[in-house]
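Undergrad: Handing you a structure now.
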């Protein structure tokens, strides 16, 4: 007989709040200055259709990243133009509740990273990509661009990739910053450039994160989903890793790797999942971390778990 074990008891936000983040060098405080320094980013799923912007509290986040904008023919591409334009308009109404709220387009994601490598391969293609990305920001009165390339120099979901991605990843951010600065000269408004990056050694080996961080305002490290498969049960978002842990993965190690790669501490934002994972164990006697599992337990809704 198989026995389930829960990795976490509940899911707080399925769509909003994929990142609940704060720079590690900035302590929590009730002062106005510290509140302004706090970075709390939530991703909203535009790919699912029209968003219900009343479903979440705009005062609980500092940035909303709209997921996702596609990459096509070296351009940032709105695949669902009618839906996306409506969502942008509705998201901007949240600024009536939170005037300091920033809304960014997030480009790529797991399913739409296939064409990044081609889009940033040459100076002309990078310029085209940067211009069309910022054009969306300008057209819909948004606040910046977030890049979720999964992953430079790696296959991801059977994506195009090449060795040149390592340098071109950096050059892409430089091109985007240049275009955002041009828009700033026109509007007088500050624009943000951020990214979502894998918390892994392989990601750092295929990028120049110290250089890539320079044009960016902050970097969201995806410090979660450490355990999604394999033969053993484990925490998918542990802050630290015990010495006997099967996988040498933790949020602490992720942050240290990025610091060692030259990313400034005040640009690091820790990714915290507002969902849990669960496993069906092989036996009732061996339940818990580092114990053999049979399979993944499918999740339920808001008050249950994420599969």
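Residue numbers (my numbering): 209 to 515.
Built from N, CA and C at the ideal position, the CB exists for glycine as well.
In this text, all values refer to a predicted model and were calculated from it rather than measured experimentally.
Where residue 393 and residue 408 are concerned, what is the direct C-alpha to C-alpha distance, given to the nearest angstrom?
TA: If you take the alpha carbons of residue 393 and residue 408, they lie about 37 angstroms apart.
Undergrad: Using C-beta distances below 7 angstroms, list every residue in its chain close to residue 401, excluding the 5 sequence neighbours before and after it, in chain order.
TA: Excluding positions up to five away in sequence, the list reads 352, 353, 381, 384, 385, 388, 423, 424 and 425.
Undergrad: Could you tell me the boundaries of the alpha helix (DSSP H) in which residue 284 lies?
TA: Note, residue 284: premise wrong, no alpha helix (DSSP H); beta strand (DSSP E) at 283 to 285.
Undergrad: Indicate whether residue 391 and residue 332 have their beta-carbon atoms separated by less than 8 angstroms.
TA: Going by C-beta atoms, residue 391 is not nearer than 8 angstroms to residue 332.
Undergrad: Provide the residue span of the beta strand (DSSP E) that contains residue 466, from first to last.
TA: Here residue 466 belongs to no beta strand (DSSP E); instead the alpha helix (DSSP H) covers 459 to 468.
Undergrad: Assuming residue 450 is part of the beta strand (DSSP E), what are its boundary residues?
TA: Residue 450 -> no beta strand (DSSP E), and no H or E assigned at all.
Undergrad: Could you tell me which of 489, 377 and 247 sits nearest to residue 357, measuring between CA atoms?
TA: Considering only alpha carbons, the answer is 377.
Undergrad: Can you list, in chain order, the residues of its chain whose CB lies under 7 angstroms from that of residue 283, leaving out five sequence neighbours each side?
TA: 336, 337 and 340.
Undergrad: What does residue 335 pair with, by DSSP beta-bridge criteria?
TA: According to DSSP, residue 335 bridges with nothing at all.
Undergrad: For a test of the three-state rule: what should DSSP assign to residue 422, helix, strand or coil?
TA: It is coil, neither helix nor strand.
Undergrad: Please list the terminal residues of the continuous alpha helix (DSSP H) segment that includes residue 392.
TA: 373 to 395 is the extent of the alpha helix (DSSP H) around residue 392.
Undergrad: Taking just the CA atoms, how far does residue 467 sit from residue 404?
TA: The straight-line gap from Cα to Cα measures roughly 16 angstroms.
Undergrad: Hey, how far is the Cα of residue 231 from the Cα of residue 456?
TA: Its pLDDT being 38, under 50, residue 231 is placed unreliably in this model, and the value from its coordinates should be taken loosely. Roughly 23 angstroms between the two C-alpha positions.
Undergrad: With DSSP as the reference, label residue 344 as helix, strand or coil.
TA: Residue 344 falls in the helix class under three-state DSSP.
Undergrad: I'd like the span of the alpha helix (DSSP H) that includes residue 327, first residue to last.
TA: That run of the alpha helix (DSSP H) goes 324 to 327.
Undergrad: Please check if any C-beta of chain B sits within less than 8 angstroms of the C-beta of residue 386.
TA: Chain labels in this structure do not include chain B; a single protein chain is all it has.
Undergrad: For residue 428, which three-state DSSP category applies?
TA: DSSP places residue 428 in strand when its eight states are reduced to three.
Undergrad: Just reading off the beta strand (DSSP E) that residue 410 is part of, what are its end residues?
TA: Looking at the DSSP string, residue 410 is not in any beta strand (DSSP E); the run it does join, the alpha helix (DSSP H), is 409 to 413.
Undergrad: Would you check if there are 3 or more beta carbon pairs closer than 8 angstroms linking the segment 428 to 435 to the segment 479 to 499?
TA: Touching, yes, given that three or more Cβ pairs across the two stretches are closer than 8 angstroms.
Undergrad: Provide the residue span of the beta strand (DSSP E) that contains residue 276, from first to last.
TA: Here the beta strand (DSSP E) through residue 276 covers 271 to 280.
Undergrad: Taking the alpha-carbon positions, what's the residue 265 to residue 297 distance?
TA: Cα-Cα distance, rounded: 17 angstroms.
Undergrad: Does the segment 306 to 313 come into contact with the segment 270 to 287, if we say contact requires no fewer than three beta-carbon pairs (one atom in each stretch) closer than 8 angstroms?
TA: The segment 306 to 313 is in contact with the segment 270 to 287.
Undergrad: Consult DSSP for residue 261 and reduce its assignment to one of helix, strand or coil.
TA: Three-state result, residue 261: helix.
Undergrad: Please go through the same chain and pick out, in chain order, the residues whose beta-carbon is closer than 6 angstroms to the beta-carbon of residue 305, but skip the five residues on each side of it.
TA: So the list reads 266, once near-sequence residues are dropped.
Undergrad: Does residue 440 come out as helix, strand or coil in the three-state DSSP assignment?
TA: If DSSP states are grouped into helix, strand and coil, residue 440 belongs with the strands.
Undergrad: Is it buried or exposed for residue 158, if we count other Cβ within 10 angstroms and need 16 for buried?
TA: Residue numbering for the chain in the displayed model covers 209 to 515; residue 158 lies beyond these limits and cannot be assessed.
Undergrad: DSSP on residue 239, reduced to helix/strand/coil?
TA: Since pLDDT at residue 239 reaches only 37, below the 50 mark, its modelled position is unreliable, and no value is offered.
Undergrad: Which class does residue 455 belong to by DSSP, given the choice of helix, strand or coil?
TA: The answer is coil: DSSP assigns residue 455 none of H, G, I, E or B.
Undergrad: Reducing DSSP to helix, strand and coil, say where residue 499 ends up.
TA: Reduced to three states, the DSSP call for residue 499 is coil.
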